[in-house]
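The opening residue of the sequence shown carries number 50 in this note's numbering; numbering runs sequentially from there.
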Amino acid sequence: MTTTDVPFCERYCVKPGTRVDLNGIDANEVGDFESKKQAKSALKHLREDLIKLQERFYAWDKRSLLIVLQATDTGGKDGTIEHVMQGTNPQGVEVTSFKVPTAEELAHDYLWRIHKAVPARRMIGIFNRSHYEDVLVVRVHDLVPESVWRKRYDEINAFEKLLVDSGATILKFYLHICKDEQARRLQARLHDPDKRWKFSKGDLKDRALWDDYQAAFTDAISLCSTAHAPWYVIPANHKWYRNYVIANILVETLKQLNPQFPEPEEGLDDIVIV
Ligand code: ADP
50 MTTTDVPFCE RYCVKPGTRV DLNGIDANEV GDFESKKQAK SALKHLREDL IKLQERFYAW
110 DKRSLLIVLQ ATDTGGKDGT IEHVMQGTNP QGVEVTSFKV PTAEELAHDY LWRIHKAVPA
170 RRMIGIFNRS HYEDVLVVRV HDLVPESVWR KRYDEINAFE KLLVDSGATI LKFYLHICKD
230 EQARRLQARL HDPDKRWKFS KGDLKDRALW DDYQAAFTDA ISLCSTAHAP WYVIPANHKW
290 YRNYVIANIL VETLKQLNPQ FPEPEEGLDD IVIV
């Protein structure tokens, strides 16, 4: 049996109730691909499926799809959105990037800004960072006491259950890169004039806290991978493999939802437009 005989939806999913071992997951994995070229061509075909499925999903107007992307700095959230969603109809896709909360956001509960951004029926919503920041950066930087962030895993599970019960399908992807790969990517940002704008000295402070972040990611993924809103840990050192795996899981998920074009009105056959 080759590795790809196990569907990606199963292979990269963190089973609810288990503890993920991020160190034990090879960020360099490339599955059965023999070259980047082969994977890129496979992605192109998958995207054609994704575009058709999105068109149906939008017309169907029965459910929403929420995609949560989390990663360490340079993990590839922006690139994933750009390459996986290329060619989909922008009218049906919404991307929300969650930054340091504003004063207004901080004056509310941490899920307030998240709930407002949850996609409506028929939409695919992508969260570039998310409510998980409230158990990641907030925990690592001690922005609230442990007694506050500790409760959030249960709160998040309950919140996501509410969304699913209300018609959302939720997929959560952790883009798993290793520390050496992060060093290469940060260095590349410094060298490339077109990428320098992405470099922030703050990224180095967070890099120094790598182990604390890995511990926080481990807890977030392990405690919040549920049957209703699973976490997937995606090997992401090779961007082309990451894109392929995520596109594959999106296509499989949409196929299972089986969206249908609504029935047209009766009696349209004889209409001639003059
Ligand atoms: P990105 O790195 O996603 O491309 P930025 O460079 O603007 O975008 O970084 C966004 C910053 O906002 C990150 O440092 C992230 O940790 C921070 N952030 C997001 N959500 C929260 C939150 N709830 N509390 C504190 N900081 C947050």
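Glycine residues also receive a C-beta, built at the ideal position from the N, C-alpha and C atoms.
Predicted model only: the values in this text are computed from it and were never measured.
Residue of Glu78, Lys86, Glu182 and Asn138 minimising C-alpha distance to glutamine 263: Here the question's residue 263 lines up with position 214 in the sequence shown. If we check each option's Cα against that of glutamine 263, Glu182 comes out closest.
- prompt: Starting from tryptophan 109 and walking both ways along the beta strand (DSSP E), at which residues does that stretch end?
  reply: Here residue 109 corresponds to residue number 60 of the sequence shown, with the count starting at 1. Per DSSP, tryptophan 109 lies in no beta strand (DSSP E) segment; the continuous alpha helix (DSSP H) that holds it begins and ends at 85 to 109.
message: Looking only at its chain, what residues have a beta carbon closer than 8 Å to the beta carbon of phenylalanine 248, apart from the 5 residues adjacent to it on each side?
response: The residue given as residue 248 occupies position 199 in the sequence shown. So the list reads Leu235, Arg238 and Leu239, once near-sequence residues are dropped.
- request: Have a look at valine 184 and proline 139 and give me their C-alpha separation to the nearest angstrom.
  value: Residue mapping note: residue 184 aligns to position 135 of the sequence shown, counting from 1. Residue mapping note: residue 139 aligns to position 90 of the sequence shown, counting from 1. Distance between the alpha carbons of valine 184 and proline 139 is about 31 Å.
- request: Would you check if the segment 188 to 203 and the segment 261 to 277 touch, i.e. whether three or more CB-CB distances between them fall below 8 Å?
  value: Because the criterion of three Cβ pairs below 8 Å is met, the segment 261 to 277 and the segment 188 to 203 touch.
field: Integer Cβ distance of alanine 88 from tyrosine 293, believed to fall under 8 Å
entry: Within the sequence shown, residue 88 is the residue found at index 39, counting from 1. Within the sequence shown, residue 293 is the residue found at index 244, counting from 1. Taking C-beta atoms under 8 Å as the contact rule, alanine 88 and tyrosine 293 qualify, at a distance of about 5 Å.
task: Quick one: residues in its chain with C-beta nearer than 8 Å to the C-beta of leucine 192, no 5 flanking neighbours on either side, listed in chain order?
output: By one-based count along the sequence shown, residue 192 stands at place 143. Shown here for leucine 192: same chain residues with a beta carbon closer than 8 Å to its own, the five before and five after excluded, namely Val186 in chain order.
Per DSSP, the bridge partner or partners of tyrosine 281: The residue labelled residue 281 in the question sits at position 232 within the sequence shown. Beta-bridge pairing links tyrosine 281 to Cys62 and Phe222.
message: I want to know whether the segment 285 to 304 touches the segment 89 to 99 - three or more CB-CB distances under 8 Å.
response: Counting Cβ pairs under 8 Å, three or more are found: they touch.
query: For alanine 169, does the count of other Cβ atoms within 10 angstroms reach 16, so buried, or fall short, so exposed?
result: By 1-based counting over the sequence shown, the position of residue 169 is 120. It counts as exposed.
Close-in-space but distant-in-sequence residues of the same chain around threonine 275 (CB under 8 Å, 5 per side omitted): Here residue 275 is taken as the residue at index 226 of the sequence shown, counted from 1. Excluding residues within five positions, the ones whose Cβ falls inside 8 Å are Pro65, Asn206, Glu209 and Lys210.
- request: To the nearest angstrom, report how far apart glycine 136 and phenylalanine 310 are at their CA atoms.
  value: For the purposes of this step, residue 136 is taken as residue 87 along the sequence shown, with counting starting at 1. For the purposes of this step, residue 310 is taken as residue 261 along the sequence shown, with counting starting at 1. The alpha-carbon of glycine 136 is positioned some 20 Å away from that of phenylalanine 310.
- prompt: Quick one: does glutamine 135 have its CB under 8 Å from some CB of chain C?
  reply: Absent from the structure: chain C. Only one protein chain is present.
- prompt: serine 146 to serine 196, Cα distance in whole Å?
  reply: For this step, residue 146 is matched to residue 97 along the sequence shown. For this step, residue 196 is matched to residue 147 along the sequence shown. Cα to Cα, the separation comes out at about 27 Å.
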